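Data first, discussion second: the structure below is written as structure tokens.
Dropping the structure here:
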């Protein structure tokens with residue numbers, strides 16, 4: 011096993027160990043972003059009308 015192979019293996023292991031808590035946190039963040047975008051869109055529509 012060359013040193014290069016070793017460095018390529020480490021990120022794979024890290025990416026596999028994402029916990030459910032981290033996934034739900036990401037979902038909450040993306041939900042908040044989507045809600046913010048939708049709310050801004052509604053405000054813009056109200057100003058136009």
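Numbering (our numbering), first residue to last: 11 to 59.
No residue lacks a Cβ here, since even glycine has one placed at the ideal position from N, Cα and C.
Computed from a prediction, not measured in an experiment: that's the story for all the values here.
Let's see if you can read the secondary structure: which residues bound the alpha helix (DSSP H) around residue i?
i: residue 47; result: 30-58
Taking 7 angstroms as the cut-off, is the C-beta of residue i nearer than that to any heavy atom in the ligand FAD?
i: residue 53; result: This structure does not include the ligand FAD; it has no bound ligands of any sort.
Please state whether DSSP places residue i in a helix, a strand or coil.
i: residue 11; result: Its pLDDT being 48, under 50, residue 11 is placed unreliably in this model, and the coordinates cannot settle the point.
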